[in-house]
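Asker: Take the sequence shown: its position 357, counting from 1, is numbered 357 in full-length UniProt numbering, and each next residue is one higher.
Shown below is the structure under consideration.
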Amino acid sequence: MPDTKKFIENLSGAGKSIGVLTSGGDAQGMNAAVRAVVRMGIYVGAKVYFIHEGYQGMVDGGDNIKEASWESVSSMLQVGGTVIGSARCKDFRTHEGRLRAALNLVQRGITNLCVIGGDGSLTGANLFREEWSGLLDELVQSGEISEEAAQTNSVLHIVGMVGSIDNDFCGTDMTIGTDSALHRIIEVVDAIMTTAQSHQRTFVLEVMGRHCGYLALVSALACGADWVLIPEMPPKNGWEEQMCHKLSENRADKKRLNIIIVAEGAIDQNNKPITTELIKDLVVRCLGFDTRVTILGHVQRGGTPSAFDRILASRMGVEAVLALLEASPGTPACVVSLCGNQAVRVPLMECVQMTQEVQKAMDEKRFEEAVKLRGRSFENNLNTYKLLSHRKMDAELPNSSFNVAVLNVGAPAAGMNAAVRSAVRVGITEGHTMFAVSDGFEGFYKGQIKEIKWGDVGGWTGQGGSLLGTKRTLPAKHVDKIAEQMRIHNINALLVIGGFEAFESLLQLVDARSRYEEFCVPMCMLPATISNNVSGTDLSIGADTSLNAIVETCDRIKQSASGTKRRVFIIETMGGYCGYLATVGGLAAGADAAYIYEEPFDIRDLQSNVEHLTEKMKTSIQRGLVLRNENSSENYTTDFIYQLYSEEGKGVFDCRKNVLGHMQQGGAPSPFDRNFGTKIAAKAMQWISKKLKEFYREGRVFANTEDSACLLGMRRRALVFQPVVELKDETDFV
1 MPDTKKFIEN
11 LSGAGKSIGV
21 LTSGGDAQGM
31 NAAVRAVVRM
41 GIYVGAKVYF
51 IHEGYQGMVD
61 GGDNIKEASW
71 ESVSSMLQVG
81 GTVIGSARCK
91 DFRTHEGRLR
101 AALNLVQRGI
111 TNLCVIGGDG
121 SLTGANLFRE
131 EWSGLLDELV
141 QSGEISEEAA
151 QTNSVLHIVG
161 MVGSIDNDFC
171 GTDMTIGTDS
181 ALHRIIEVVD
191 AIMTTAQSHQ
201 RTFVLEVMGR
211 HCGYLALVSA
221 LACGADWVLI
231 PEMPPKNGWE
241 EQMCHKLSEN
251 RADKKRLNII
261 IVAEGAIDQN
271 NKPITTELIK
281 DLVVRCLGFD
291 TRVTILGHVQ
301 RGGTPSAFDR
311 ILASRMGVEA
321 VLALLEASPG
331 TPACVVSLCG
341 NQAVRVPLME
351 CVQMTQEVQK
361 AMDEKRFEEA
371 VKLRGRSFEN
381 NLNTYKLLSH
391 RKMDAELPNS
401 SFNVAVLNVG
411 APAAGMNAAV
421 RSAVRVGITE
431 GHTMFAVSDG
441 FEGFYKGQIK
451 EIKWGDVGGW
461 TGQGGSLLGT
471 KRTLPAKHVD
481 KIAEQMRIHN
491 INALLVIGGF
501 EAFESLLQLV
511 DARSRYEEFC
521 VPMCMLPATI
531 SNNVSGTDLS
541 IGADTSLNAI
551 VETCDRIKQS
561 ASGTKRRVFI
571 IETMGGYCGY
581 LATVGGLAAG
591 ADAAYIYEEP
601 FDIRDLQSNV
611 EHLTEKMKTS
621 IQRGLVLRNE
631 NSSENYTTDF
641 IYQLYSEEGK
651 GVFDCRKNVL
661 GHMQQGGAPS
671 PFDRNFGTKI
681 AAKAMQWISK
691 KLKEFYREGR
701 VFANTEDSAC
711 LLGMRRRALV
721 FQPVVELKDE
731 TDFV
């Protein structure tokens with residue numbers, strides 16, 4: 001929300017009290033949500049109370065309900081689980097229990113509740129809200145509260161946030177904790193792949209998800225699993241032979257391992273459970289492959305929250321406080337949810353009903369409907385998985401006789417390989433012949449172009465960097481040679497995956513169309529850059545992996561100071577002139593300040609930040625974290641800021657500086673980047689196919705319109721194709 005700032009200034013929380021609790025199963029990122037609610041609440045002038053141990057603490061009262069301070073939520077951002085505790089509570093299910101809970105809230109004047117939990121916890125909260133006035137009447141009658149207290153606390157407002165690793169809640173694309181759980185799963189799968197590779201083994205992995213296959217589905221997408229079993233889409237009868245056929249086919253195709261992922265709630269068409277043991281016995285019986293079972297269990301709930309979950313939970317926490325402040329007596333309880341890249345509010349009971357509908361549809365074997373009800377994010381994932389996992393026989397493929405070339409341009413970004421793999425496989429499925437260009441446009445003009453087949457991209461999803469090779473070279477200087485190569489290989493469409501240079505390259509090629517008709521073909525660009533500095537998209541492939549690297553390092557650096565006290569760290573991040581990594585990294589790592597190019601700062605700002613840190617050192621939080629984007633200022637360099645802080649902080653705190661450097665570009669791609677790269681590349685290939693048909697006339701492809709050269713980007717709620725020529729105007733090339 002761009003207008004949040006002026007929007008917040010008009011909202012006052014003075015005189016209001018907010019209670020925050022976590023309930024049900026724990027999830028990584030809950031603490032970040034609690035921290036955001038507390039700090040946002042204090043920022044707008046409200047009182048905020050921790051309710052410890054979920055609803056149990058609300059019923060028991062006493063020390064379980066404590067006022068929170070700004071400091072009391074310090075350092076909890078990087079902790080997994082929930083610090084204020086969560087319990088499954090039987091008492092709250094009874095009328096008597098809810099009566100005691102109401103009394104405890106009224107005594108403290110808490111009439112705003114922020115509930116972080118699963119659908120059960122949120123349903124309970126809604127019931128409590130509906131009974132509220134009745135409960136107060138009872139308390140007045142029994143003389144436990146005064147008539148006056150009942151009047152001042154007459155309305156209870158409730159806002160929910162969904163914390164659940166299963167992502168099983170309808171109405172939001174992602175629940176808090178899902179991304180972190182995927183991180184745990186992918187770490188395990190990557191580790192298992194190396195041992196399976198050595199022994200030519202088949203591994204059957206069971207992941208969490210009693211009623212929801214999201215974790216299984218997305219982790220299968222992210223690691224290129226051979227087979228996945230989820231409750232929403234039971235395999236067709238006779239799946240056993242089909243699966244074994246697929247596994248043996250992959251082995252014949254030089255693949256040394258098989259991975260099968262099973263959701264714990266997987267069922268067949270007759271609603272009978274499909275267990276990991278059943279699958280193992282099947283594979284051993286039919287194929288005789290050496291097969292092992294690994295059940296991931298509670299590992300998936302543990303560990304530190306990923307960057308995505310910290311940001312998601314922080315944004316949701318802020319939105320939740322705003323929703324509580326704006327609520328009027330008639331406002332129904334709402335849930336803060338994520339739609340694309342936007343925080344939105346949706347009616348709580350609608351979502352709960354939809355979530356229950358899914359279960360009902362599955363029980364009644366209406367599986368297609370269950371998938372639809374899960375929402376568009378789930379459906380997209382499922383369709384992409386189907387596209388990529390099953391290789392069709394040549395006879396089944398449409399024969400398009402089109403040639404499509406894929407290349408990487410610019411600096412490497414994690415997730416590029418996942419995008420290339422997905423593009424190649426979708427292209428082959430659509431009947432095209434796919435060509436891979438090595439080393440960007442440099443390789444292009446030198447003729448380093450060869451056909452790339454289905455099997456050539458096996459196992460690419462989990463690899464960091466760029467396997468095709470990538471260069472920053474722009475095409476303009478070599479335009480004639482590139483046109484010649486397009487002619488020699490008869491390339492009918494281009495897919496360019498890369499950063500800002502890729503965007504410039506596409507503009508240059510469009511520009512050259514008037515001179516070389518070889519470039520009059522459909523062209524599509526996918527943004528892949530850790531800096532996230534390409535116009536036309538909120539997100540780029542590689543930025544999430546980079547944020548996780550920054551956040552992980554900041555966590556370690558902060559921890560290194562835990563014994564020494566009173567230390568401030570100055571950390572320099574990459575990003576060119578784009579402050580995305582410094583800002584979002586700062587938000588996820590809990591930094592005190594972030595210096596970026598987009599927000600000019602002068603010596604007065606530096607001075608006030610030093611003063612802020614000096615004040616902070618007098619509290620119990622005795623360390624500071626300051627992020628600086630590498631190009632944020634020509635003269636206020638990282639060294640300058642370090643020296644300034646060291647001098648000004650003499651006797652109060654000491655300073656250390658760290659330049660994070662290229663570790664931000666390396667590493668295996670995060671689940672988000674694998675999945676994002678896979679999905680947008682598949683979408684881009686389908687667009688290319690559509691455009692090829694559209695522009696095919698008299699035996700050749702001729703595309704010379706603005707909308708035949710596009711960038712595919714995430715804009716708020718949707719993925720959109722935008723002509724690069726149109727984006728040119730909103731781009732600051734310098």
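Backbone N, C-alpha and C fix where the C-beta goes; we use that ideal spot for every residue, glycine too.
Computed from a prediction, not measured in an experiment: that's the story for all the values here.
State the beta-bridge partners of residue 497 as determined by DSSP.
Answerer: Partner(s): 408, 526.
Asker: What are the start and end residues of each continuous alpha helix (DSSP H) run of 4 or more residues lying completely inside the segment 25–62, in chain order?
Answerer: Runs found: 30–43, 54–60.
Asker: Put residue 297 into one of helix, strand or coil per three-state DSSP.
Answerer: Correct three-state label for residue 297: helix.
Asker: If you run the structure through DSSP and keep just helix, strand and coil, what is residue 157?
Answerer: Strand at residue 157.
Asker: Would residue 307 pass as a contact of residue 73 if the rule is Cβ separation under 8 angstroms?
Answerer: Not a contact, by the Cβ cut-off of 8 angstroms.
Asker: Round the Cβ separation of residue 42 and residue 103 to the nearest angstrom and send it over; I've been treating them as touching at under 8 angstroms.
Answerer: Not a contact, Cβ separation roughly 26 angstroms.
Asker: What is the C-beta distance between residue 596 and residue 660, in whole angstroms, given that I count them as a contact (C-beta under 8 angstroms)?
Answerer: Contact doesn't hold; Cβ gap of about 15 angstroms is too wide.
Asker: From the DSSP output, which residues share a beta bridge with residue 657?
Answerer: Per DSSP, 570.
Asker: Using 8 angstroms as the threshold, is the C-beta distance between residue 333 and residue 160 below it?
Answerer: Yes.
Asker: Can you look up residue 132 in the DSSP assignment and give me helix, strand or coil?
Answerer: Reduced to three states, the DSSP call for residue 132 is helix.
Asker: How far does the beta strand (DSSP E) with residue 202 in it reach, from first residue to last?
Answerer: Run containing residue 202: 202–207, per the beta strand (DSSP E) assignment.
Asker: Assuming residue 181 and residue 300 form a contact by the criterion Cβ under 8 angstroms, report the distance between their Cβ atoms to the nearest whole angstrom.
Answerer: Contact holds; Cβ gap of about 4 angstroms.
Asker: Output needed for residue 312: all residues of its chain with C-beta closer than 7 angstroms, excluding positions within five of it in sequence on either side, in chain order.
Answerer: Counting only Cβ-Cβ distances below 7 angstroms, and skipping sequence neighbours, we find 29, 174, 176, 338.
Asker: Identify every run of the alpha helix (DSSP H) within the segment 652–719, keeping only runs that are complete inside it and at least 4 residues long; order them along the chain.
Answerer: Counting whole runs of 4 or more residues, the segment 652–719 contains the alpha helix (DSSP H) stretches 671–694.
Asker: Whole angstroms are fine: how far does the CA of residue 405 sit from the CA of residue 490?
Answerer: Cα-Cα distance, rounded: 10 angstroms.
Asker: Between which two residues does the beta strand (DSSP E) carrying residue 342 extend?
Answerer: Start and end: 342–347.
Asker: Quick check on DSSP: helix, strand or coil for residue 98?
Answerer: Helix.
Asker: What number of angstroms, rounded off, separates the C-alpha of residue 692 from the C-alpha of residue 493?
Answerer: Residue 692 and residue 493: Cα-Cα distance of roughly 8 angstroms.
Asker: Should residue 152 be labelled buried (16 or more other beta-carbon atoms within 10 Å of its own) or exposed?
Answerer: Classification for residue 152: exposed.
Asker: Give me the Cβ distance between residue 325 and residue 19, rounded to the nearest whole Å; I'm assuming they're in contact under 8 angstroms.
Answerer: Actually they do not touch by this definition, with Cβ atoms about 14 angstroms apart.
Asker: For residue 522, I'd like the list of residues in its chain whose CB is within less than 7 angstroms of its CB, leaving aside the five on either flank, ordered along the chain.
Answerer: Here the set comprises 493, 688, 691, 692, 695, 703, 708.
Asker: Only counting the same chain, and skipping five residues up and downstream in sequence, which positions put a Cβ closer than 8 angstroms to that of residue 507?
Answerer: 724, 725, 728, listed in sequence order.
Asker: Given this structure, state the Cα-to-Cα distance separating residue 651 from residue 322, to the nearest angstrom.
Answerer: Their backbone Cα atoms lie some 40 angstroms apart in a straight line.
Asker: Hey, would you say residue 119 sits closer than 8 angstroms to residue 355, going by beta carbons?
Answerer: In this structure, residue 355 lies closer than 8 angstroms to residue 119 by Cβ.
Asker: Determine the contact status of residue 31 and residue 77, defining contact as a CB-CB distance below 8 angstroms.
Answerer: Yes; because the gap between Cβ atoms is below 8 angstroms, this pair is in contact.
Asker: What residues in its chain sit with their C-beta under 7 angstroms from that of residue 617, if we drop five residues either side in the sequence?
Answerer: Answer for residue 617: 566, 652, 653, listed in chain order.
Asker: State the Cα-Cα distance for the pair residue 47 and residue 612, rounded to the nearest angstrom.
Answerer: If I take the Cα positions, the gap works out to 23 angstroms.
Asker: Determine the DSSP secondary structure at residue 3, reduced to helix, strand or coil.
Answerer: Below a pLDDT of 50, predicted positions are generally treated as unreliable, and residue 3, at 43, falls in that range; the measurement from the model is reported next regardless. Coil.
Asker: Closest to residue 542 by CA distance: which of 453, 568, 432, 663 is it?
Answerer: Ranking the options by Cα distance to residue 542, first place goes to 663.
Asker: Between which two residues does the alpha helix (DSSP H) carrying residue 733 extend?
Answerer: Note, residue 733: premise wrong, no alpha helix (DSSP H); not H, not E.
Asker: Alpha carbons only, please: which of 36, 136, 96, 472 is nearest the one belonging to residue 155?
Answerer: Nearest C-alpha to residue 155: 136.
Asker: Could you give the C-beta distance for residue 457 and residue 420, rounded to a whole number, given that I count them as a contact under 8 angstroms?
Answerer: So it is a contact: roughly 6 angstroms between Cβ atoms.
Asker: In the DSSP assignment, what residue or residues form a beta bridge with residue 227?
Answerer: In the DSSP output, where bridge partners are listed per residue, residue 227 has 260.
Asker: For the beta strand (DSSP E) containing residue 19, name the first residue and the last one.
Answerer: From DSSP, the beta strand (DSSP E) with residue 19 extends over 17–22.
Asker: Helix, strand or coil for residue 351 per DSSP?
Answerer: Note: residue 351 maps to helix in three-state DSSP.
Asker: Taking 8 angstroms as the cut-off, decide whether the C-beta atoms of residue 631 and residue 576 are in contact.
Answerer: Yes, the pair counts as a contact, with Cβ atoms nearer than the cut-off.
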